[in-house]
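Report on the following structure.
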Amino acid sequence: MSSTTVAKAAQAAQRVMPVHKKYTVQSTGIWERIRRALAVSPERSNGVPLKQFRNPPPGSNDPFSFEDPVTLPAGDIAENPYWKRDSRRSYPQLSFVTQGDVVGLLSLGSASAPKKELIGEAGSQALVQVKEEGEGGLAKFFEKEGKSATLAVLGKDGLPPLPSGLSLKAGADKYNLTAENAYPEQYPCRTFQ
C-alpha cells in the first residue's frame, strides 16, 4: 500500500465524528450497545434529525382562544352513539342454532310458518316442554317422533333443505337474457348462460 493511501485513510479516521456529537436522534442504553454490535459502521447515525424548535412555541397561543370544531350531525353526541358510527366493527354478527332450537323448530314450527296454534297458557306450556325436549338433542327427538317428523322436514326429493337463496323457488326460472338486453347476433361477443 502506498504512503498516500495510508495518509488519506488516517485523515478520514480523524474526520469521523462520534455519534453522540451528531444532531440526530439516537438510541440509548442497552439498545445503543446492541446497535453498535450489529451495525456495519457503528459511527453512522440513523439520519433522523433532532427537532430544533417547537411550532407553535409554548405559551404563544392563548389557552382560551381555542374553539372546538363541531360538525353536525356527526359531532352531536346525544343522537350519534359510537356503536352507530363505528364502521370498523359493522361486520355481520354470527348466529348459532343449537340442537334445542332445531327441536323447537321441528316440533312447533317458526313464527312465519307455525305448525300449531300457541295461545295463552297452553302455548307457554308447549314452549317449556319443547325446551326440555331440546336438551336431549335431535337424536332423542327423532327416536320419539319417528319417520314422520323427519320426512316432513325434507324436500320433495328427500334431500334436506338448502340455505336460503341457494335453491330456486318452485316455478322460478333462471335468469335469461332477452333479445333487447343481449348482444345482437352479428356482434363478435359470446354470451354464456
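Each residue of the sequence shown is one higher than the one before, starting from 76 at the first, in this note's numbering. Backbone N, C-alpha and C define an ideal beta-carbon position, used for all residues, glycine too. It should be emphasised that the depicted structure is a prediction, and the values quoted were computed from it without experimental measurement.
Query: Mapping the DSSP letters down to three states, classify Gly179 as helix, strand or coil.; Result: helix
Query: Does Gly179 pass the burial test, meaning 16 or more other C-beta atoms within 10 Å, or should it be called exposed?; Result: buried
Query: Spatial neighbours of Ser102 within its chain, please: CB distance less than 7 Å, with the 5 preceding and 5 following residues excluded, ordered by chain position.; Result: Arg110
Query: If we ignore side chains and look at the alpha-carbon of each, how far apart do Val205 and Cys264 end up?; Result: 59 Å
Query: The alpha helix (DSSP H) spanning Ala112 covers which residue range?; Result: 105-113
Query: Just list the residues that DSSP pairs Pro124 with in beta bridges.; Result: Thr99
Query: Using only the alpha-carbon positions, how far apart do Pro124 and Phe171 sit?; Result: 56 Å
Query: Give me the Cα-Cα distance between Glu210 and Gln174, rounded to the nearest whole angstrom.; Result: 8 Å
Query: Which residues does DSSP list as the beta-bridge partners of Pro189?; Result: Gly184
Query: Would you decide whether Leu113 is buried or exposed? Buried here means 16 or more other CB atoms lie within 10 Å of its CB.; Result: exposed
Query: Check each candidate in Val228, Pro167, Pro259 and name the one with the smallest Cα separation from Ser182.; Result: Val228
Query: So does the segment 114-134 actually touch the segment 83-98, counting three or more Cβ pairs closer than 8 Å?; Result: yes
Query: Determine the closest residue to Asp176 out of Asp161, Pro131, Tyr157, Val203, with distance taken between C-alpha atoms.; Result: Val203
Query: Between Ala201 and Lys215, is the Cβ-Cβ spacing less than 9 Å?; Result: no
Query: Please report the residue range of the alpha helix (DSSP H) in which Lys231 lies.; Result: Looking at the DSSP string, Lys231 is not in any alpha helix (DSSP H), and its letter there is neither H nor E.
Query: Start and end of the alpha helix (DSSP H) containing Gln200?; Result: 195-211
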